[in-house]
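Numbered according to the UniProt record's numbering, the sequence shown terminates at residue 220, and the numbering increases by one at each position without gaps.
Glycine residues also receive a C-beta, built at the ideal position from the N, C-alpha and C atoms.
Since we're looking at a predicted model, the values are computed, not measured.
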Amino acid sequence: FHSYDPNTPPLEQLNQPWLTQRAWSTIDPVFTVSSPSLACNTPATAPPSYIPTPAGANLTAVYWYWLHPVGPMTVWLARCGTGDCRNENVNEIGWFKIWEAGLLEGPNLAEGLWYQKGFQRWDGSPALWPVRIPKGLKGGLYMVRHEILSIHVEEKPQFYPECAHLNVTGDGEVVVPEEWLVRFPGVYKEDDPSIKINIYSEENANRTDYVIPGGPIWEG
1 FHSYDPNTPP LEQLNQPWLT QRAWSTIDPV FTVSSPSLAC NTPATAPPSY IPTPAGANLT
61 AVYWYWLHPV GPMTVWLARC GTGDCRNENV NEIGWFKIWE AGLLEGPNLA EGLWYQKGFQ
121 RWDGSPALWP VRIPKGLKGG LYMVRHEILS IHVEEKPQFY PECAHLNVTG DGEVVVPEEW
181 LVRFPGVYKE DDPSIKINIY SEENANRTDY VIPGGPIWEG
């Protein structure tokens with residue numbers, strides 16, 4: 001399925017039947033946890049189509065020329081209760097986390113191996129990001145949100161969110177409870193030590209632990 005390309009004129013992409021990803025206008029990151037763009041980037045214009053996705057199957061996002069090496073990666077889903085994800089407000093809908101990866105091994109935060117490091121590509125080859133959609137999830141229309149948080153700059157976090165529309169199929173009956181749902185913005189705090197962090201500081205010189213922000217994963 002084709003994604004949105006900020007280097008192609010919007011009029012050549014918006015409302016095209018092949019488009020399943022919400023629009024984003026720049027490769028620049030979102031810098032603040034209070035920005036409305038934290039949900040699905042900017043301008044987050046809704047696409048007309050959905051990716052058919054069986055519950056329990058893998059959904060693979062493809063990234064090109066990803067250059068940053070340090071920080072966590074997360075994937076979220078949100079059920080479109082209106083019956084059409086195009087009518088949803090991405091800042092008000094309830095998101096739940098289904099996947100995360102961060103620091104894999106030491107010797108510390110700055111020099112350790114992060115999942116994001118393995119995702120890095122300098123040669124232009126595609127980086128694949130496979131995530132399993134929970135098998136018990138009730139079928140219907142959902143938004144999926146991929147987020148990369150890069151923390152390689154001292155106390156200046158960089159968020160890279162992207163959203164697409166899914167049509168989840170299957171015989172699952174589980175609707176995620178309200179207590180698992182969060183909002184963007186809202187779930188992150190400016191002073192969260194996993195977000196506002198200097199990985200090069202003396203305080204963090206020997207740390208081999210990192211708590212991925214956003215709460216626990218809903219396993220389904």
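Go to glycine 140, then tell me how far its beta strand (DSSP E) extends in each direction, as first and last residue. Here the question's residue 140 lines up with position 140 in the sequence shown. Here the beta strand (DSSP E) through glycine 140 covers 140-150.
Could you pull the DSSP bridge partners for phenylalanine 159 from this structure? Taking the sequence shown and counting its residues from 1, the one referred to as residue 159 is at position 159. Val30 and Leu149, per the DSSP bridge assignment.
Out of Gly186, Gly220 and Gly140, state which residue places its alpha-carbon closest to the alpha-carbon of proline 177. Within the sequence shown, numbered from 1, the residue matching residue 177 stands at position 177. Closest by alpha carbon: Gly220.
Does any residue of chain B have a CB that is nearer than 8 Å to the CB of threonine 60? You won't find chain B in this structure, because it holds only one protein chain.
For leucine 77, which residues does DSSP report across the bridge? For the purposes of this step, residue 77 is taken as the residue at position 77 of the sequence shown. DSSP output for leucine 77 lists Phe96 and Val144 as bridge partner(s).
Since alanine 61 and tryptophan 129 are thought to touch, with beta carbons under 8 Å apart, how far apart are those beta carbons, to the nearest angstrom? As a first step, residue 61 must be located in the sequence shown, where it is residue number 61. As a first step, residue 129 must be located in the sequence shown, where it is residue number 129. The Cβ separation is near 4 Å, so the contact holds.
Can you list, in chain order, the residues of its chain with a C-beta nearer than 6 Å to that of valine 90? Leave out the 5 residues immediately preceding and following it. Start at 1 with the first residue of the sequence shown, and residue 90 comes out as number 90. Only Ala39, Cys40 and Ala44 meet the Cβ criterion.
Burial state of isoleucine 195, where buried means 16 or more other Cβ atoms lie within 10 Å: Locating residue 195 in the sequence shown gives position 195, counting from the first residue. So isoleucine 195 ends up on the buried side.
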